[in-house]
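Q: These protein sequence lines are chains R and D, in that order.
The numbering of the first sequence is the numbering used here, which starts it at 325 and goes up by one.
The numbering of the second sequence is the numbering used here, which starts it at 33 and goes up by one.
Where is the CB? At the ideal position from N, CA and C, for every residue including glycine.
Just so it is clear, the structure is predicted and the values come from calculations on it, not from any experiment.
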Amino acid sequence: MTTQATDTAVRTSIVVEAPIERAFSVFTKDIGSWWPPDHHILEAQLAEMIFEPREGGHVYDRGVDGRECRFARVLTYEPPNRVVFSWDINPRWKIETDRANTSEVEVRFTAEAPSRTRIELEHRHLDRHGEGWESLRDAVRSPGGWPQTLEAFANRLKS
Amino acid sequence: MTTDRAPGLSALGDPTRRAIFERLADGPRAVGELAGDLPVSRPAVSQHLKVLKDAGLVIDRAVGNRRLYQLDPQGVGTLRAYLDQFWNRAFTAFKAAVEQ
Chain R
325 MTTQATDTAV RTSIVVEAPI ERAFSVFTKD IGSWWPPDHH ILEAQLAEMI FEPREGGHVY
385 DRGVDGRECR FARVLTYEPP NRVVFSWDIN PRWKIETDRA NTSEVEVRFT AEAPSRTRIE
445 LEHRHLDRHG EGWESLRDAV RSPGGWPQTL EAFANRLKS
Chain D
33 MTTDRAPGLS ALGDPTRRAI FERLADGPRA VGELAGDLPV SRPAVSQHLK VLKDAGLVID
93 RAVGNRRLYQ LDPQGVGTLR AYLDQFWNRA FTAFKAAVEQ
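(1) To the nearest angstrom, how far is the alpha carbon of residue 424 of chain R from that of residue 397 of chain R?
(2) Does any CB atom of chain D fall closer than 8 Å to the CB of residue 461 of chain R?
(3) If you draw a straight line from the alpha carbon of residue 125 of chain D to that of residue 82 of chain D, how long is it in whole angstroms?
(4) Span of the beta strand (DSSP E) holding residue 91 of chain D?
(5) Is residue 123 of chain D closer than 8 Å to residue 336 of chain R when the C-beta atoms are compared?
(6) For residue 333 of chain R, which of helix, strand or coil comes out of DSSP?
(7) Between which two residues does the beta strand (DSSP E) carrying residue 427 of chain R extend?
(8) At a cut of 8 Å, does the region 438 to 455 of chain R reach the region 364 to 382 of chain R through at least three beta carbon pairs?
(9) Is it buried or exposed for residue 338 of chain R, if we count other Cβ within 10 angstroms and need 16 for buried?
(10) In the DSSP output, which residue or residues are listed as bridge partners for residue 387 of chain R?
(11) Which one or two residues does DSSP pair with residue 442 of chain R in a beta bridge?
(12) Between R:381, R:334, R:344, which has its C-alpha nearest residue 437 of chain R's C-alpha?
(13) Out of D:53, D:86, D:73, D:64, state which residue places its alpha-carbon closest to the alpha-carbon of residue 111 of chain D.
(14) Does residue 125 of chain D come within less than 8 Å of chain R when only Cβ atoms are used?
(15) Residues in the region 348 to 360 of chain R with C-beta within 8 Å of chain D's C-beta atoms, listed in sequence order?
(16) Return the chain-ordered list of same chain residues with a C-beta closer than 7 Å to the C-beta of residue 400 of chain R, the five sequence neighbours on each side being excluded.
(17) From residue 444 of chain R to residue 95 of chain D, what does the alpha carbon distance come to, in whole angstroms?
(18) Can you check whether the CB of residue 100 of chain D is closer than 8 Å to the CB of residue 61 of chain D?
(19) If we count the other Cβ atoms within 10 Å of its Cβ and call it buried at 16 or more, is residue 414 of chain R buried or exposed?
(20) Residue 341 of chain R touches chain D at which residues, Cβ-Cβ below 9 Å?
(21) Chain D partners of residue 346 of chain R, CB-CB under 8 Å?
(22) Quick one: measure Cβ to Cβ for residue 129 of chain D and residue 383 of chain R, integer angstroms, because I've assumed they're closer than 8 Å.
(23) When you compare each of R:441, R:358, R:385 to residue 368 of chain R by their alpha carbons, which one comes out closest?
(24) Hey, how far is the Cα of residue 346 of chain R from the Cα of residue 421 of chain R?
(25) Anything in chain D within Cβ reach of residue 334 of chain R, meaning under 7 Å, just list it in chain order.
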């Protein structure tokens, strides 16, 4: 796995031992199987994650109380090669309603062999989250800030 | 791949610095608090904080007679560092899920 970054983007890639169709399907339809389970901004406990497999669809969490948190819009859906979605979470860790202030994530899938797939991810236009940026510290200090929840997730995988 | 890597992200390549960064995400801390929380000496923590500060991820301020370190809330570097960690770990989990 490698990571690169320019000033306003983060890039990551990984090679998985799986056919491209499966890699794409797990990344999208089964997003709940790998997304850090504690990394949600719902108030209620998470019931499920839904990735609507079409342009104009949403990626969202549904809580056990039935409430939904739509944190991404599917901008491009080209199975099994490419998916692009918006990142509608602002630095205050709230849903960003002004689309001008959202970043986007592009994920490209390339078959390196029948059962090996390279996945490249670019999370770009991070500068668009400019407004409210000064509140990041407060957001990440709250319970559920990313580092802690991700660490918990990594530990759970190990066990 | 290292040539266009931002200094902030390189600074997080070290596990101890990453641990310090994650603790600072939890709120401002003094050197002594960080050292008490990690298996490294106080001078080592200071050195790591200097690297994080030079990389633009961390700022410090004096509060009374203490010096507190915190994540730099300005600029996009901290968000990038954050998301870099997030996606790397998410991808590791994704790999495990897809290869099951």
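A: Checking against the coordinates, here is how it stands:
(1) Taking the first residue of the first sequence as 1, we reach residue 424 of chain R at position 100. Taking the first residue of the first sequence as 1, we reach residue 397 of chain R at position 73. Cα to Cα, the separation comes out at about 13 Å.
(2) To locate residue 461 of chain R, count along the first sequence from 1; it is residue 137. Note that residue 461 of chain R has pLDDT 41, beneath the 50 cutoff, so the model's placement of it is unreliable and no number is given.
(3) As a position in the second sequence, residue 125 of chain D is number 93, starting the count at 1. As a position in the second sequence, residue 82 of chain D is number 50, starting the count at 1. For residue 125 of chain D and residue 82 of chain D, the distance between alpha carbons rounds to 32 Å.
(4) Translated into the one-based positions of the second sequence, residue 91 of chain D becomes position 59. Residues 90 to 95.
(5) Numbered from its first residue, the first sequence carries residue 336 of chain R at position 12. Numbered from its first residue, the second sequence carries residue 123 of chain D at position 91. Yes. Within cutoff.
(6) Numbered from 1 along the first sequence, position 9 holds the residue referred to as residue 333 of chain R. In this structure, residue 333 of chain R counts as strand in the three-state DSSP scheme.
(7) Position 103 of the first sequence, counting from 1, holds the residue named residue 427 of chain R. Counting along the chain, the unbroken beta strand (DSSP E) around residue 427 of chain R starts and ends at 427 to 437.
(8) no
(9) Sequence index remark: in the first sequence, residue 338 of chain R carries index 14 (1-based). Per the 10 Å Cβ criterion, buried.
(10) Counting from 1 along the first sequence, the entry for residue 387 of chain R is found at position 63. DSSP output for residue 387 of chain R lists R:370 as bridge partner(s).
(11) As a position in the first sequence, residue 442 of chain R is number 118, starting the count at 1. Beta-bridge pairing links residue 442 of chain R to R:339, R:434.
(12) As a first step, residue 437 of chain R is located in the first sequence; it is residue number 113 there, counting from the start. Nearest C-alpha to residue 437 of chain R: R:344.
(13) Taking the first residue of the second sequence as 1, we reach residue 111 of chain D at position 79. Nearest of D:53, D:86, D:73, D:64 to residue 111 of chain D, Cα basis: D:53.
(14) Here the question's residue 125 of chain D lines up with position 93 in the second sequence. Output row for residue 125 of chain D: interface = yes.
(15) Cβ contacts with chain D: 350, 351, 354, 357, 358, 359, 360.
(16) Residue 400 of chain R sits at position 76 when you count from the first residue of the first sequence. Around residue 400 of chain R, the same chain offers 379, 406, 407, 408 as residues with beta carbons nearer than 7 Å, after the five sequence neighbours per side are excluded.
(17) The count along the first sequence starts at 1 and reaches residue 444 of chain R at position 120. The count along the second sequence starts at 1 and reaches residue 95 of chain D at position 63. So the two alpha carbons sit approximately 44 Å from each other.
(18) Against the second sequence, residue 61 of chain D aligns to sequence position 29. Against the second sequence, residue 100 of chain D aligns to sequence position 68. Contact: yes.
(19) Along the first sequence, read from residue 1 onward, the residue named residue 414 of chain R stands at position 90. So residue 414 of chain R counts as buried.
(20) For the purposes of this step, residue 341 of chain R is taken as residue 17 along the first sequence, with counting starting at 1. Near residue 341 of chain R (Cβ distances below 9 Å), the residues of chain D are 127, 130, 131.
(21) If you number the first sequence from 1, residue 346 of chain R lands on position 22. Within chain D, the residues near residue 346 of chain R are 130.
(22) Counting from one through the second sequence, the residue named residue 129 of chain D turns up at place 97. Counting from one through the first sequence, the residue named residue 383 of chain R turns up at place 59. So it is not a contact: roughly 16 Å between Cβ atoms.
(23) The residue labelled residue 368 of chain R in the question sits at position 44 within the first sequence. Among R:441, R:358, R:385, the Cα nearest to that of residue 368 of chain R belongs to R:385.
(24) As a working mapping, residue 346 of chain R is identified with position 22 in the first sequence. As a working mapping, residue 421 of chain R is identified with position 97 in the first sequence. Each residue's Cα considered, the two are about 33 Å apart.
(25) Mapped onto the first sequence, residue 334 of chain R falls at position 10. The answer, in chain order, is 112, 115, 116, 119.
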